[in-house]
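Here is the structure we will look at.
In my numbering, the protein residues as written are 2 to 111.
Quick look at the structure:
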């Protein structure tokens with residue numbers, strides 16, 4: 002349930018922030034939501050983790066090409082950039098969890 006609220010909440014914030022400046026510190030809010038989601042629902046599969054890393058880097062680049070669409074391109078770019086911030090938070094949380102798990106496993110080899 003919490004994961005669903007985090008996902009829909011971050012998407013709603015990403016869309017609202019594209020059209021208005023009513024929400025202060027949007028990137029901070031989105032990365033915190035991503036971090037919470039990443040720590041609450043860790044990605045066990047290495048392939049999925051790598052896909053999140055790649056998506057966090059590639060999505061803003063892909064979104065920049067949407068500026069070429071007259072009228073709505075800038076809004077779509079902004080929405081996808083905001084979603085990428087949330088994905089980056091999820092990726093960062095999963096990276097930290099994997100690093101922690103590897104460090105704990107290395108400490109148990111004594």
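Here a beta-carbon is modelled for each residue, glycine too, at the ideal position from N, C-alpha and C.
Quick caveat: nothing in here was measured; it's all calculated off a predicted structure.
Flag this pair as yes or no: are the beta carbons of residue i and residue j separated by less than 8 angstroms?
| i | j | result |
| --- | --- | --- |
| residue 70 | residue 77 | yes |
| residue 87 | residue 18 | no |
| residue 99 | residue 53 | no |
| residue 51 | residue 90 | no |
| residue 41 | residue 3 | yes |
Under the criterion of a Cβ to heavy atom distance below 7 angstroms, does residue i qualify as lining the ligand NAD?
| i | result |
| --- | --- |
| residue 39 | This structure lacks the ligand NAD; in fact it carries no ligand of any kind. |
Put residue i into one of helix, strand or coil per three-state DSSP.
| i | result |
| --- | --- |
| residue 28 | helix |
| residue 61 | helix |
| residue 15 | helix |
| residue 41 | helix |
| residue 21 | coil |
| residue 105 | helix |
| residue 72 | coil |
| residue 46 | coil |
Using 8 angstroms for Cβ pairs, my map puts residue i next to residue j. What's the rounded Cβ distance?
| i | j | result |
| --- | --- | --- |
| residue 83 | residue 44 | 21 angstroms between Cβ atoms; not a contact. |
| residue 57 | residue 85 | 6 angstroms |
Is it buried or exposed for residue i, if we count other Cβ within 10 angstroms and need 16 for buried?
| i | result |
| --- | --- |
| residue 95 | buried |
Three or more C-beta pairs below 8 angstroms linking the region 2-14 and the region 32-40: yes
Pair every Cβ in the region 20-29 with every Cβ in the region 60-70, then say whether three or more of these pairs are closer than 8 angstroms. no
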